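Below is one structure, written out as structure tokens; comments come after it.
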Amino acid sequence: MPHSTRLLYTDAHGSVLRAQGETGQSVLAYTVHGHDSGARPVSPFLRFNGEVPEKLSGNYLLGNGYRAYSPVLLRFTSPDGLSPFGEGGLNAYAYCAGDPINSVDPSGHVPFRRRAATATRWQLVKKSVRKKLALVEDATTFAKLFVKLLKNPTWSNRWAVAKQTGKMAIKYGPLAPVYWVYDWLRPTPSVPDQVTATSVPAATQAGAPGGPADGQPLSGRRDELRGDSA
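For what it's worth, my numbering labels the leading residue of the sequence shown as -14, then goes sequentially.
What follows is the structure, given as structure tokens:
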């Protein structure tokens, strides 16, 4: 199969509205339930809601093939395992609980609102940013109070540090202030420019294996060895 490049234009649900290829372009239009007109000069791989239609029947195999949705019949061709008493809803064959305009169902099980999902993601992002900003603000306040306490160890400064410590312990964990103080106060290890020997090797110490057994210096033992060899 020859390789080809196509540029796809989609809507908020991921449905392909236009496909631009090397041989031309095609404009796609769908009914509310996803039915389109058929063959085009440039046929995109993805179609309604960004899903792949089955070539022979035109059905969409949702949920990695769990259920086939027919845009011609406006419903699934098999019942939902989560219906009627689960999250699938009362109608075991309905697509998106009868609201395909505002909802999508990529799993073939449970529909969800695209707008609500987008809003939820944005809320999670804002919540994460607020939490990080609050962490930076609390850490800055704690550092300022701690420096003030080191310069002037009064009872009021101690109380301010203790109060901020309790606040951070409740929000971020009981040991969070301790870790911050440790990271801030711990000295940075330095490597000396020149290494100086400060101890005598064990082999030259009196009584050590291979060393002077009687405590006399090595020079005396060296003289004895010279005399023995002579």
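Glycine included, every Cβ here is placed at the ideal spot set by N, Cα and C.
Just so we're clear, the structure is a prediction, and the values are computed from it rather than from any experiment.
- Look at the beta carbons and you see the stretch 71 to 90 not touching the stretch 122 to 133: under three pairs across the two are nearer than 8 Å.
- Here the C-alpha atom of R143 lies approximately 12 Å from the C-alpha atom of G151.
- A direct Cα-to-Cα measurement between L13 and S68 gives close to 33 Å.
- The alpha-carbon of G6 is positioned some 6 Å away from that of T(-10).
- The alpha-carbon separation between N87 and G93 amounts to approximately 16 Å.
- Looking at T8, H18, N34, G9, the one whose alpha-carbon comes closest to that of L2 is N34.
- Its chain contains L47, Y80, C81, P96 as the residues whose beta carbon lies nearer than 7 Å to that of D90, once the 5 sequence neighbours on both sides are disregarded; these appear in chain order.
- In this structure, DSSP gives A124 a helical state, which the three-state scheme calls helix.
- Between L130 and Q149, the gap from beta carbon to beta carbon is short of 7 Å.
- Secondary structure note for L(-8): it is in no alpha helix (DSSP H), and the uninterrupted beta strand (DSSP E) holding it is -8 to -5.
- With at least 16 other beta carbons inside 10 angstroms of its own, P29 counts as buried.
- Comparing C-alpha distances from H(-2) to each of Q10, H18, L(-8) shows the shortest one belongs to H18.
- Annotated three-state conformation of F30 is coil, per DSSP.
- In this structure, the CA atom of S141 is about 21 Å from the CA atom of I155.
- Residue environment for E36: buried (at least 16 other C-beta atoms within 10 angstroms of its C-beta).
- The continuous stretches of beta strand (DSSP E) do not include L13, and DSSP gives it neither H nor E.
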